[in-house]
Every structure is written in structure tokens, then in C-alpha cells.
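Note that my numbering gives residue 142 to position 30 of the sequence shown, counting from 1, and the numbers run on in steps of one. Here a beta-carbon is modelled for each residue, glycine too, at the ideal position from N, C-alpha and C.
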Amino acid sequence: MDARLLEILACPICKGTLIYRREAGVLVCRLDRLAYPVRDDVPVMLEEEARQLASDDPLLEH
Numbered sequence: 113m114d115a116r117l118l119e120i121l122a123c124p125i126c127k128g129t130l131i132y133r134r135e136a137g138v139l140v141c142r143l144d145r146l147a148y149p150v151r152d153d154v155p156v157m158l159e160e161e162a163r164q165l166a167s168d169d170p171l172l173e174h
């Protein structure tokens, strides 16, 4: 995924920072505990496509 795109993307719900987890193919919002899918290097930034993460999910770690 393009680094410049990652710099400008924000969570559509809280407008917070997203963390790209390449190995899982998701963008993670730690504040809302949501994982947005990345399909073919295109982030799907729709709330209904996001997966809710458990508070102990490893994707939320630094």
C-alpha cells in the first residue's frame, strides 16, 4: 500500500489514526477497535465492512 495514502487515511468514524497490518490485510483503528479490510491494495473504509476486534486481539498491539 502506498505510504502517502496511509498518511492521509483516517478512521471514518472517529477520524483517528489507522495502523496498517500488512500480514492481516487490514487497517486498524485502535480507538474504535475496528479492522478495515484492504483488498487488492485498496482500503475498504466502510463501517459496515469493518470487523470489530476484541480488546485482547493481537492486531491492537503496538
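Starting from the C-beta of ARG116, find all residues in its chain whose C-beta is less than 7 Å away, skip the five residues before and the five after it, and write them out in chain order. none
Option nearest GLU135 by Cα separation, candidates ALA122, ARG151, LYS127 and LEU158: Nearest of ALA122, ARG151, LYS127 and LEU158 to GLU135, Cα basis: ARG151.
Applying the 10 Å Cβ sphere with the 16-neighbour rule, what's the burial state of ALA162? buried
If you run the structure through DSSP and keep just helix, strand and coil, what is ARG146? At residue 146 the sequence reads Leu, which differs from the Arg that was named. Reduced to three states, the DSSP call for LEU146 is strand.
From the DSSP output, in three-state form, read off PRO155 for me. strand
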